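Here is the structure we will look at, set down as structure tokens.
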Amino acid sequence: MKLAEAKKRAEELRKTISEHNHRYYILNKPVISDFEFDILLSELKTIEKNFPGLITPDSPTMRVGSDLTEEFRQAEHTWPMLSLGNTYSTDEVNEFGERVRKALGYEPEYVCELKYDGVSISLTYEDGRLARAVTRGDGNVGDDVTINVRTVRSIPVKITASGAPEMFVIRGEIYLPRKGFEKMNADRQSRGEALFANPRNAAAGTIKLLDPRIVASRPLDCYLYYLLGGQLPADNHYDNLMAARSWGFRISDIMQKCAGMEEVIRFVSAWENERKRLPYDTDGVVIKVNSLEAQKALGNTAKTPRWAIAYKYAAEQALTELISVDFQVGRTGNVTPVANLRPVLLAGTTVRRATLHNSDQIEMLGLHYGDTVIIEKGGEIIPKIVEVDTSRRAKGTEPVTFPEKCPECGTPLIRAEGEANHYCPNYLHCPPQITRRIIHFVSRKAMDIEGLGEETIELLYSRGLIRNVADLYDLKQDQLASLERLGNKSASNIITGLAASLTAPWHRKLFALGIRHVGETVAKTLAAGFPDIDTLMKATEEQLCSLPEIGPRISTSVREYFSDPDNIKIIRRLRAAGLSFEGTIRTAAAKGPLNGKTVVVSGTFKGFTRDELKAAIEAAGGRNAGSVSGSTSFIVAGNDMGPAKRARAAELGIPIITEEEFIRMIKE
Ligand code: IVH
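Written as structure tokens, this is what we have:
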């Protein structure tokens with residue numbers, strides 16, 4: 029390779045690698061496997077090795093990836109959070125053993141553990157209490173997610189056992205057990221929300237949520253695997269973890285001391301298949317030198333320790349043929365490509381379809397119809413295409429292209445800036461959008477209308493009896509009874525079901541409307557924040573965003589929905605049919621000391637982060653608002669309260685209380 033060529037390729041690789049890092053760490057939506065990522069990285073490393081002049085300080089080879097986001101306060105790691113070198117073959121594991129032996133001058137004892145597939149977390153304990161929980165971030169600084177980690181039941185917030193040092197750090201992996209993940213995705217599907225690709229993404233997405241109540245509702249769990257500190261109980265990793273277990277930490281039983289590389293490799297092969305029976309995902313084995321002194325002697329490189337390595341199991345793959353691609357239009361108009369494959373056996377099930385996520389994915393794969401493709405099943409529910417075997421491509425085959433028009437109604441598709449998905453904007457007249465919206469409206473978690481299932485909705489639509497949800501309430505018993513497949517009894521069930529639905533709670537009616545980005549939880553938040561649809565319709569962006577978990581994306585969508593005259597017409601008709609869009613939503617703490625109070629938080633606090641303070645307000649039954657207005661009950665002011673807020677409060681005569689006064693108030 030010539031220098032010019034190497035330079036060009038290195039630049040390309042850096043760009044691609046950064047994009048994948050962004051997808052992995054920030055969007056939690058990786059489109060390539062770790063293995064493919066490592067191939068890109070190692071190609072770049074080879075170029076940089078051959079042409080050292082091409083190394084740039086910001087090259088991805090110089091740093092670990094970053095999961096930093098803007099929403100959380102950042103905290104520095106006392107000890108940097110390194111990542112691990114990856115190996116994919118026993119040869120490479122042996123090479124690692126060889127390097128260690130050479131550096132130490134003897135063969136040390138190793139500890140083998142499973143590599144849990146979740147998100148790493150660093151927990152700092154001070155005086156027996158969980159002081160901080162921080163994500164890896166860029167390895168030096170991470171996001172302070174303490175408020176969320178406190179909801180993980182297996183992580184002790186207080187250590188009661190004796191023997192633990194005054195201050196220590198313990199690191200581990202937060203993950204979502206497979207069952208919990210499946211249930212969570214099933215719930216999301218029933219609400220028409222985007223599914224998480226696998227338990228790891230779901231765990232990563234959850235730990236970064238801004239509402240700890242939602243975090244608490246998801247069954248996160250944690251295994252701890254690394255103890256750090258000034259006064260550790262033992263001089264080796266294994267015994268330190270045993271001590272941590274006696275202090276109440278969850279340490280896996282699947283951990284083995286190995287006398288040498290042969291035993292290590294036996295552990296690796298023993299768990300290759302056995303691990304699939306575990307209720308959580310693992311993707312490899314971590315091999316660590318046991319003695320802390322030996323660890324110290326071996327030291328670290330900039331990114332990884334020299335005393336530990338990961339062995340990654342190959343994901344299960346199969347080769348098959350791409351027959352066709354369906355572009356499915358969902359309730360909110362999202363267009364999702366789904367590959368139809370020649371049926372093939374993969375990890376015990378016959379696979380006929382694979383997800384293609386979006387147009388980026390199709391482009392990245394360079395997919396043609398009739399291609400031989402490699403499909404992979406990791407923790408994912410639906411397998412994905414990871415690679416195309418272009419050597420087997422027949423001549424003259426057509427590339428798969430994303431349609432420019434909606435495959436159902438012909439309307440030109442739209443792709444919003446910064447979003448990966450295309451959607452059909454023909455909200456009112458695109459048939460699958462209409463029927464899926466109506467199906468959503470009647471579904472169990474929305475209006476819960478008995479007797480109206482998917483098939484009946486399709487039938488009513490095809491007969492021209494319904495075009496929108498308001499039409500449902502105009503249906504007449506004899507009209508329904510005269511349809512084949514229905515009959516008198518079903519018809520009367522539907523009419524009764526429709527009548528009964530009139531009294532559904534306000535938040536379920538709101539959810540039923542199917543506003544883009546308004547799932548069950550968001551609907552509840554909105555309904556709790558606005559007593560009726562009239563106030564919600566008039567809500568400003570600021571008012572919407574003052575609610576927990578509501579940001580510009582949701583508020584824009586809500587405002588757009590209510591600015592559409594067709595939607596207003598439907599709401600008016602629903603109201604005329606007897607649906608009232610109002611009610612008081614009782615949150616868990618509807619009877620708390622701050623019941624009915626609207627509170628504004630300003631400045632920084634000693635005992636709470638702002639999020640923690642806001643959560644405390646809600647837990648006490650209060651409502652958070654982002655700005656001072658006539659409806660503000662009081663302001664909790666910390667240090668550096670903004671002068672504008674102070675002036676506005678004085679102008680409106682709104683009381684300002686201190687952090688201490690607030691604590692007394694909620695304790696009452
Ligand atoms: S030890 C310095 N042990 O794998 C050693 N890591 O790329 C620190 N992981 O960031 C890591 N299971 O999130 C260790 N049993 C285990 C692990 C484990 C999963 C993750 C961890 C780390 C990544 C390495």
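Numbering of the sequence shown is given in our numbering, commencing with residue 29 and proceeding in unit increments.
Ideal Cβ placement from N, Cα and C applies to all residues, glycine included.
On a predicted model such as this, the values are computed, not experimentally measured, just so you know.
#1: Only counting the same chain, and skipping five residues up and downstream in sequence, which positions put a Cβ closer than 8 Å to that of R495?
#2: What are the partner residues of H450, as DSSP defines its beta bridges?
#3: Looking at the strands, I want to know which residues DSSP matches up with H396.
#4: Assign C573 to one of three DSSP states: helix, strand, or coil.
#5: Buried or exposed for D506, going by 16 or more other Cβ atoms inside 10 Å?
#6: When the Cα of R37 is compared with those of R51, F633 and N78, which residue comes out closest?
#7: Can you grab the Cα-Cα spacing for the pair A34 / E47, in whole Å?
#8: In the DSSP assignment, find the unbroken alpha helix (DSSP H) run with G200 in it and report its ends.
#9: From what residue to what residue does the beta strand (DSSP E) around G170 run?
#10: For a test of the three-state rule: what should DSSP assign to A336, helix, strand or coil?
#11: Do you know how far the Cα of H468 is from the Cα of L575?
#12: Is there contact between the stretch 186-196 and the stretch 119-131, where contact requires at least three CB pairs shorter than 8 Å?
#13: Kindly examine ligand 1 and report whether one of its heavy atoms sits closer than 7 Å to the Cβ of V169.
#14: Is the closest heavy atom of ligand 1 to the C-beta of V314 under 7 Å?
#15: Counting pairs of beta carbons, one from the stretch 172-180 and one from the stretch 300-315, are three or more of them closer than 8 Å?
#16: Run the proximity test for P136: is its beta-carbon closer than 7 Å to any non-hydrogen atom belonging to ligand 1?
#17: Looking only at C-alpha atoms, which of T377, C437 and P184 sits nearest to F355?
#18: Return the residue from the list P227, L641, L607 and G611 that minimises the CA-CA distance to L622.
#19: Going by DSSP, what residues sit across from V314 in a beta bridge?
#20: Taking A161 as part of the beta strand (DSSP E), name the residues at either end of that continuous run.
#21: Rounded to whole angstroms, what's the CA-CA distance from G233 to L503? Just pull it up for me.
#22: Would you say the beta carbon of S70 is closer than 7 Å to some non-hydrogen atom of ligand 1?
#23: For the beta strand (DSSP E) that D249 lies in, which residues bound it at each end?
#24: First and last residue of the beta strand (DSSP E) that includes A346?
#25: Going by beta carbon distance, what residues of the same chain come within less than 6 Å of E39, once the five residues before and after it are set aside?
#26: Alpha helix (DSSP H) containing F590: first to last residue?
#27: To which residues does DSSP link D560 through a beta bridge?
#28: Within the same chain, show all residues whose beta-carbon is closer than 6 Å to that of E689, passing over the 5 residues directly before and after it, in chain order.
#29: Take the Cβ of M29 as the centre, count every other Cβ of all protein chains shown within 10 Å, and call the residue buried at 16 or more, exposed below.
#30: With DSSP collapsed to three states, give me the class of R370.
#31: Hey, I694 and A643: beta-carbon distance below 8 Å or not?
#32: Three-state secondary structure (DSSP) at N264?
#33: Report all residues from its chain with a CB closer than 6 Å to the CB of A605; omit the five preceding and five following residues, and keep chain order.
#34: Since I believe A192 is in contact with W275 (beta carbons under 8 Å), could you give me their beta-carbon distance rounded to a whole number of angstroms?
#35: Just to confirm, is the Cβ distance from K143 to G312 under 8 Å?
#36: CA-CA distance, T524 and A346?
The answer reads as follows:
#1: I462 and Y489, listed in sequence order.
#2: Its beta-bridge partners are V363 and R443.
#3: Assignment of beta-bridge partners to H396 by DSSP yields P427.
#4: It is helical.
#5: The residue is exposed, with fewer than 16 neighbouring Cβ atoms inside 10 Å.
#6: The candidate whose alpha carbon is nearest that of R37 is N78.
#7: Cα-Cα distance, rounded: 20 Å.
#8: Note, G200: premise wrong, no alpha helix (DSSP H); beta strand (DSSP E) at M195 to Y203.
#9: Element bounds for G170: V169 to D171.
#10: Correct three-state label for A336: strand.
#11: Answer to the nearest angstrom: the Cα atoms are 25 Å apart.
#12: No, the stretch 186-196 does not touch the stretch 119-131.
#13: For ligand 1, no non-hydrogen atom lies closer than 7 Å to the CB of V169.
#14: Answer for V314: yes, Cβ within range of ligand 1.
#15: The stretch 172-180 vs the stretch 300-315: no contact.
#16: Not so, every heavy atom of ligand 1 lies at least 7 Å from the Cβ.
#17: Nearest of T377, C437 and P184 to F355, Cα basis: C437.
#18: Closest by alpha carbon: L641.
#19: DSSP, once it has assigned bridges, lists E141 and A338 as partnering V314.
#20: Segment R157 to T163, the beta strand (DSSP E) holding A161.
#21: So the two alpha carbons sit approximately 42 Å from each other.
#22: Not under cutoff, so the answer is no.
#23: D249 -> beta strand (DSSP E) spans D249 to L256.
#24: For A346, the uninterrupted beta strand (DSSP E) segment begins and ends at E344 to V357.
#25: Exclusion of the five residues before and after E39 leaves no residue of its chain whose Cβ lies closer than 6 Å to its Cβ.
#26: In the DSSP assignment, F590 falls within the alpha helix (DSSP H) that extends over P580 to F590.
#27: The beta-bridge partner set that DSSP reports for D560 consists of E610.
#28: Result list for E689: empty, nothing under 6 Å.
#29: It counts as exposed.
#30: Strand, per DSSP.
#31: It is not a contact, given that the beta carbons lie outside the stated cut-off.
#32: Residue state for N264 is assigned as strand, using DSSP reduced to three classes.
#33: Once the five neighbours on either side are set aside, the close Cβ partners of A605 are Y501.
#34: Correct: roughly 5 Å between the Cβ atoms.
#35: Cβ distance < 8 Å, so K143 and G312 count as in contact.
#36: The alpha-carbon atoms of T524 and A346 are separated by roughly 51 Å.
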